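Single-structure report; data block below.
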Amino acid sequence: MSSTTRSIQALDLLARKGPLGVRAVAQQLSLPLGSVHRLLLDLENENVVERTPDGEWELSFRLLEITGLHLDRLQFSRLAHPFAEKIAAATKETVNLTALHGMAGVCVDKVRGNDGMQLDLRIGSHGPLHCGGAGKAMLAFSSEADQHKVLAGPL
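Laid out in structure tokens, this is it:
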């Protein structure tokens, strides 16, 4: 099996099962522990995976950045895009659609407004929940425990 195939399988597993330890990844892919550890370190060096505070591995935002570039090129219309267009037309402001990912907000789509000053987020870019209206709205509806995690971190 090629390293590309192993990499894709590891990424797919992390996407489907969430954060996993290196042993769990190795077991589920039926690969040697040392090989999986090196593979995850290589993917980490490319910012494709990252470690959680518990030391488990999860996908990073780099894949979403790559996907965002691809979607920009294809002009792929998401389900929410028509609604964002209506909001942008009504307000003449840029609409950035942001989704919750862990303790951060990530831009998944955008529609540019017509007025001068624009907040132009790249699809796939991410930021802390305490910054910006979308992040604050998501934080307001998060669990109290998650709110405390965010507020206890660097502001």
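Here the sequence shown is numbered in the numbering used here, starting from 28 and rising by one per residue. Even glycine gets a Cβ: it sits at the ideal position worked out from N, Cα and C. Since the model is a prediction, treat every value here as computed from it, not as a measurement.
- DSSP places R149 in the coil class of the three-state scheme, outside both helix and strand.
- Annotation for K176: M130 place their beta carbon closer than 7 Å to its own, counting only its chain and skipping 5 residues before and after.
- If only uninterrupted beta strand (DSSP E) runs of at least 3 residues are considered, those enclosed by the region 45 to 112 are 76 to 78 and 84 to 86.
- Residue D136 holds the alpha-carbon nearest to the alpha-carbon of P109 among D136, R50 and G159.
- The beta carbons of T118 and D147 sit about 16 Å from each other, so the pair does not count as a contact at 8 Å.
- One thing to note: A111 has its Cβ within 8 Å of the Cβ of V138.
- Contact between L56 and V63 holds, with the beta-carbon distance rounding to 7 Å and staying under 8 Å.
- For G160, there is no enclosing beta strand (DSSP E); the enclosing alpha helix (DSSP H) covers residues G160 to A167.
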